[in-house]
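Data first, discussion second: the structure below is written as structure tokens.
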Amino acid sequence: MNMKKICKGIAVTVGVPLLAFLLLSLLCQANGKELFRSPIDFRAFVKNTVVTSCLAWAISFNLMTGRFDFSLGAVSILSVIIGGNLAIKMGLGPVELVLFSAVVGGVLSLISGIVYIIFNLSPIIVTLGITLIYESLTYSINKAKGVNIIGLSVYSKITDPAFAFTVCGIILVVLVILFNYTKFGYNARALAHGQAVSVHSGIHEKKNAIGCFLLSGIVVSFAGCMNLAFDGKINSTLGLGTMSVIFSAFLPIFLGDFIGRYSERNIGILMGSIVTSLLSLTYSKFYLQLSTQEIINAVALLLFLVYISNEKKILSWLNRSRKAS
Amino acid sequence: MKKLVSVFLLLAMMLTAIVAPAVADVQKPNVKLGVAVYNLTDAEVMAFRAYYEDYLAPEFGVTLIYSEAIEDHEQEISFIENCAAQGAKGIISFVSYGNVDTAKKCKDYGMYYIIAATAISDEEFAALAPNEYFLGTMGPNAIEGEQAAAQAMAEFFKGQGYTRFFVAAGDDLAFDMFANRRLGCAKVVGGDNVTGYPELAEGVEFANYYRGFSIDASVKSQALSDAEVILATFGGVENWAAPIEMAGMTGKVHLGTIASFGDMYYTAFNAEPAQIEFLAGKYSSVIGPAFAAIYNAATGYVELARGPQNEAFRINQGYWFATSKDEFNEMYNLANNVGGVYAYAAEDLKQVCGVFNSEATYEDFMALANAWDYESCKARAED
Numbered sequence: 003m004n005m006k007k008i009c010k011g012i013a014v015t016v017g018v019p020l021l022a023f024l025l026l027s028l029l030c031q032a033n034g035k036e037l038f039r040s041p042i043d044f045r046a047f048v049k050n051t052v053v054t055s056c057l058a059w060a061i062s063f064n065l066m067t068g069r070f071d072f073s074l075g076a077v078s079i080l081s082v083i084i085g086g087n088l089a090i091k092m093g094l095g096p097v098e099l100v101l102f103s104a105v106v107g108g109v110l111s112l113i114s115g116i117v118y119i120i121f122n123l124s125p126i127i128v129t130l131g132i133t134l135i136y137e138s139l140t141y142s143i144n145k146a147k148g149v150n151i152i153g154l155s156v157y158s159k160i161t162d163p164a165f166a167f168t169v170c171g172i173i174l175v176v177l178v179i180l181f182n183y184t185k186f187g188y189n190a191r192a193l194a195h196g197q198a199v200s201v202h203s204g205i206h207e208k209k210n211a212i213g214c215f216l217l218s219g220i221v222v223s224f225a226g227c228m229n230l231a232f233d234g235k236i237n238s239t240l241g242l243g244t245m246s247v248i249f250s251a252f253l254p255i256f257l258g259d260f261i262g263r264y265s266e267r268n269i270g271i272l273m274g275s276i277v278t279s280l281l282s283l284t285y286s287k288f289y290l291q292l293s294t295q296e297i298i299n300a301v302a303l304l305l306f307l308v309y310i311s312n313e314k315k316i317l318s319w320l321n322r323s324r325k326a327s
Numbered sequence: 046m047k048k049l050v051s052v053f054l055l056l057a058m059m060l061t062a063i064v065a066p067a068v069a070d071v072q073k074p075n076v077k078l079g080v081a082v083y084n085l086t087d088a089e090v091m092a093f094r095a096y097y098e099d100y101l102a103p104e105f106g107v108t109l110i111y112s113e114a115i116e117d118h119e120q121e122i123s124f125i126e127n128c129a130a131q132g133a134k135g136i137i138s139f140v141s142y143g144n145v146d147t148a149k150k151c152k153d154y155g156m157y158y159i160i161a162a163t164a165i166s167d168e169e170f171a172a173l174a175p176n177e178y179f180l181g182t183m184g185p186n187a188i189e190g191e192q193a194a195a196q197a198m199a200e201f202f203k204g205q206g207y208t209r210f211f212v213a214a215g216d217d218l219a220f221d222m223f224a225n226r227r228l229g230c231a232k233v234v235g236g237d238n239v240t241g242y243p244e245l246a247e248g249v250e251f252a253n254y255y256r257g258f259s260i261d262a263s264v265k266s267q268a269l270s271d272a273e274v275i276l277a278t279f280g281g282v283e284n285w286a287a288p289i290e291m292a293g294m295t296g297k298v299h300l301g302t303i304a305s306f307g308d309m310y311y312t313a314f315n316a317e318p319a320q321i322e323f324l325a326g327k328y329s330s331v332i333g334p335a336f337a338a339i340y341n342a343a344t345g346y347v348e349l350a351r352g353p354q355n356e357a358f359r360i361n362q363g364y365w366f367a368t369s370k371d372e373f374n375e376m377y378n379l380a381n382n383v384g385g386v387y388a389y390a391a392e393d394l395k396q397v398c399g400v401f402n403s404e405a406t407y408e409d410f411m412a413l414a415n416a417w418d419y420e421s422c423k424a425r426a427e428d
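Listed in order, the protein sequences are those of chains Z and R.
Here this note's numbering is used: position 214 in the first sequence is 216, and no number is missing along the way.
Here this note's numbering is used: position 372 in the second sequence is 417, and no number is missing along the way.
Shown next, in the form of structure tokens:
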């Protein structure tokens with residue numbers, strides 16, 4: 003890899019969130035506001051970044067090979083309801099809560115993967131069915147009370163920016179190694195670029211799918227832990243109510259894909275999550291209503307997808323314009 | 046000795062006859078009732094359900110058919126049809142998507158209909174009233190119930206000299222209940238164009254109204270930076286206690302809310318320092334009279350559930366206000382059957398039910414239903 007390419011990679015990877023930060027800071031300043039005014043702002047930014055990153059990573063493992071896992075929202079909630087209540091009842095601390103939730107999350111997603119493999123149905127159908135089952139379980143466990151840590155200040159450690167970023171950093175390092183320097187990662191990327199060819203060349207697609215499901219459950223459980231620690235409770239949810247959370251991760255996934263071309267996909271997703279968290283923080287400075295936020299996010303996503311889909315045309319048009327001028 | 050035992054037994058029988066409740070020990074008819082709810086996981090709905098299913102249903106020999114979470118009128122109608130197919134005699138509704146049409150559907154199936162724990166507009170009530178299968182509504186009404194609770198909450202904090210307020214307003218465009226709570230807050234602190242109080246009230250420096258049930262972490266952090274008081278028109282502890290504590294703002298940012306006397310609020314009021322300072326709360330057994338009304342209608346005593354002119358009733362049941370730990374704990378005990386007595390005990394309700402008390406009247410029922418306030422409930426429990 004030549005130096006120019008490395009420099010360009012770093013510039014794009016760091017440049018996108020940096021540019022977002024500068025633009026949004028200017029917007030705030032122009033209106034007499036500060037983007038980061040207090041430590042509380044920073045804590046909210048960290049929470050949103052970590053939650054969105056974990057969700058986006060978890061979705062992306064299966065999405066890159068064409069599987070959309072609708073059950074991740076339910077896994078995120080159920081894993082922390084089980085893991086959290088276990089840790090609370092055993093009088094354990096935040097680290098144990100995170101570990102228990104990760105184990106439960108891994109097992110739950112592993113079950114989704116096994117069901118998908120055994121029944122050989124479309125992933126959408128399988129994961130929708132699994133979502134309904136897991137949501138029902140959130141209602142059946144602990145008398146439908148979910149998990150509640152209000153008054154148990156020991157668990158607020160999870161939202162401590164240092165703790166949250168450490169766990170997030172460990173996840174990122176593991177993902178970068180796993181997807182770039184192991185057989186599992188090579189296979190996953192090969193399958194992403196052409197399933198039929200990969201399978202014919204000897205890659206075991208089902209084994210890889212199981213691995214992706216398992217990994218997604220472990221990663222998404224940390225999003226649940228962060229939500230629990232920040233909100234103080236996680237309620238049981240029914241009627242496919244857990245699915246909406248998945249859609250908040252779309253913008254960082256697509257941004258991550260774009261940035262990933264210049265560096266690494268998982269790092270790109272983290273950078274995409276930073277951008278969306280900066281956007282959320284900016285919305286809050288203006289107390290924008292949720293409906294307005296969603297419209298802006300949807301328009302931003304649409305514009306970005308239009309750009310990605312027509313990138314070559316747009317770039318060649320820009321080149322032509324530059325030459326002409 | 047035998048004589049002594051006989052006298053003792055005789056005395057015991059006489060004493061039992063004297064202190065026994067006036068409620069007759071009768072054969073309870075099998076009655077099926079449908080209960081339509083908007084959510085199965087909401088803390089208030091769960092508390093209501095426990096009171097109905099675990100306590101009243103066995104006492105009255107009633108089988109309850111609970112809905113799934115009803116999110117629109119079609120689902121509501123589908124549930125009504127399902128209940129009719131299962132032989133239900135009445136519907137207690139906690140949802141409000143199209144009451145006139147729903148009540149008409151109930152009439153078609155010969156089922157009675159009552160709206161519990163919420164109030165409806167004058168226009169809607171007028172449209173419902175001619176339907177003889179519609180019994181009435183119970184719950185906090187717009188002005189004396191919802192607005193008054195929100196006003197009391199805002200005044201409580203403003204009276205202490207706080208000047209910066211953030212109002213978590215709920216979905217005030219979709220539900221009258223939240224619109225009225227927002228209006229109640231706006232009347233005291235001002236700064237709200239939507240409700241017609243655009244100017245900040247005297248002595249108020251900041252007021253922001255945020256609409257929606259889902260409040261992002263960033264908005265919460267901004268509110269905690271800008272405001273001294275969070276006026277949460279719903280789920281105060283659920284949404285704000287942890288962020289306030291985590292931000293190290295306990296004691297600096299004050300919390301008041303309209304919610305219910307649940308376990309989470311017990312923890313919050315009893316924390317050191319307290320995580321909440323004002324609660325306008327419902328209690329689970331406040332829906333007891335609605336159960337008695339529909340039970341009467343379903344068992345052939347509809348005259349005990351509709352007025353002398355066969356009119357539907359409209360009962361305003363307000364909130365209990367707790368402004369300190371001690372006040373809260375007293376109310377919590379009565380609200381949650383801690384002392385072995387509910388605010389509306391089964392025995393209280395049986396007194397107004399024709400099946401159990403042949404002398405019950407509509408006036409008795411109205412008097413009981415209107416005695417919802419804390420002092421009345423406390424007096425009843427102590428009797």
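Beta carbons: idealized from backbone N, C-alpha and C, even for Gly.
Does Y188 of chain Z come within less than 8 Å of chain R when only Cβ atoms are used? no
Residues bridged to D237 of chain R by DSSP? R:Y242
Should T239 of chain Z be flagged as near chain R, meaning a C-beta pair shorter than 8 Å? yes
A129 of chain R to Y158 of chain R, Cα distance in whole Å? 12 Å
List the residues of chain R that A146 of chain Z touches, going by C-beta distances under 9 Å, in chain order. L85, T86, M91
Give every residue of the same chain whose Cβ lies closer than 8 Å to the Cβ of H195 of chain Z, excluding the five residues on either side of it in the sequence, and list them in chain order. none
Classification of F291 of chain R by the beta-carbon crowding that lies within 10 angstroms, buried from 16 upward: Looking at the sequence itself, residue 291 of chain R is Met, so the reference to Phe does not match. Buried, by the Cβ-count rule.
Contact between the segment 125-142 of chain R and the segment 77-97 of chain R (3+ Cβ pairs under 8 Å): yes
Extent of the continuous beta strand (DSSP E) run through A252 of chain R: 251-256
Do L24 of chain Z and A225 of chain Z have their beta-carbon atoms positioned less than 8 Å apart in this structure? no
For V169 of chain Z versus L74 of chain Z, is the C-beta spacing smaller than 8 Å? no
Delimiting residues of the alpha helix (DSSP H) encompassing T168 of chain Z: 163-183
If you measure from the beta carbon of Q267 of chain R to each beta carbon in chain Z, is any gap under 8 Å? yes
Looking at chain R, which residues of the segment 39-69 of chain Z have a Cβ within less than 9 Å of any of its Cβ atoms? R39, S40, P41, I42, D43, F44, R45, A46, F47, K49, N50, V53
Residue range of the alpha helix (DSSP H) that includes A333 of chain R: The sequence given here has Gly at residue 333 of chain R, not Ala. That run of the alpha helix (DSSP H) goes 333-343.
Count the C-beta pairs between the segment 149-167 of chain Z and the segment 251-260 of chain Z that are closer than 8 Å, then say yes if the count reaches three, no if not. no
Going by DSSP in three states, M228 of chain Z sits in which element: helix, strand or coil? helix
Identify the contact partners of N150 of chain Z in chain R, using a Cβ-Cβ distance below 7 Å as the criterion. M309
Count the other C-beta atoms from every protein chain shown that fall within 10 angstroms of the C-beta of Y136 of chain Z, then say buried if there are 16 or more, exposed otherwise. buried
Cα-Cα separation between F252 of chain Z and S103 of chain Z, rounded to whole angstroms: 24 Å
Under 8 Å, do I160 of chain Z and A231 of chain Z count as touching if we go by C-beta distance? yes
Distance cutoff 8 Å, beta carbons only. Does T161 of chain Z sit that close to anything in chain R? yes
Can you check DSSP and say which residues form a bridge with A325 of chain R? R:I303, R:F366
Measure the CB-CB distance between A231 of chain R and I303 of chain R and report whether it falls below 8 Å. no
What's the gap between the Cα of L173 of chain R and the Cα of Q396 of chain R? 28 Å
Every unbroken beta strand (DSSP E) inside the segment 148-232 of chain R [3 residues or more]: 157-160, 179-184, 209-215
Please report the residue range of the alpha helix (DSSP H) in which G85 of chain Z lies. 74-91
What residue from R:M222, R:T240, R:G248, R:I165 has the CA that sits closest to G206 of chain R's CA? R:G248
Please determine if the segment 76-88 of chain Z and the segment 311-328 of chain R are in contact, where contact requires at least 3 C-beta pairs separated by less than 8 Å. no
Is it right to say P66 of chain R is buried, meaning 16 or more other beta carbons lie within 10 angstroms of its own, or is it exposed? With a pLDDT of only 45 at P66 of chain R, under 50, the local geometry of the prediction cannot be trusted, and the value read off the model is given with reservation. Exposed, since its Cβ has fewer than 16 Cβ neighbours within 10 Å.
Spell out a yes or no on whether the segment 411-420 of chain R and the segment 107-127 of chain R are touching, meaning 3 or more CB-CB pairs, one atom from each, closer than 8 Å. no
is_contact[F249 of chain Z, chain R] using C-beta, thresh 8 Å: no
Pick out whichever of R:N382, R:G184, R:H299 has its Cα sitting closest to the Cα of S369 of chain R. R:H299
Rounded to a whole number of angstroms, what is the C-alpha to C-alpha distance between Q320 of chain R and A424 of chain R? 30 Å
With a CB to CB cut of under 7 Å and the five nearest residues on each side skipped, what residues in its chain are close to D43 of chain Z? L283
Nearest chain Z C-beta to A286 of chain R closer than 8 Å, yes or no? yes
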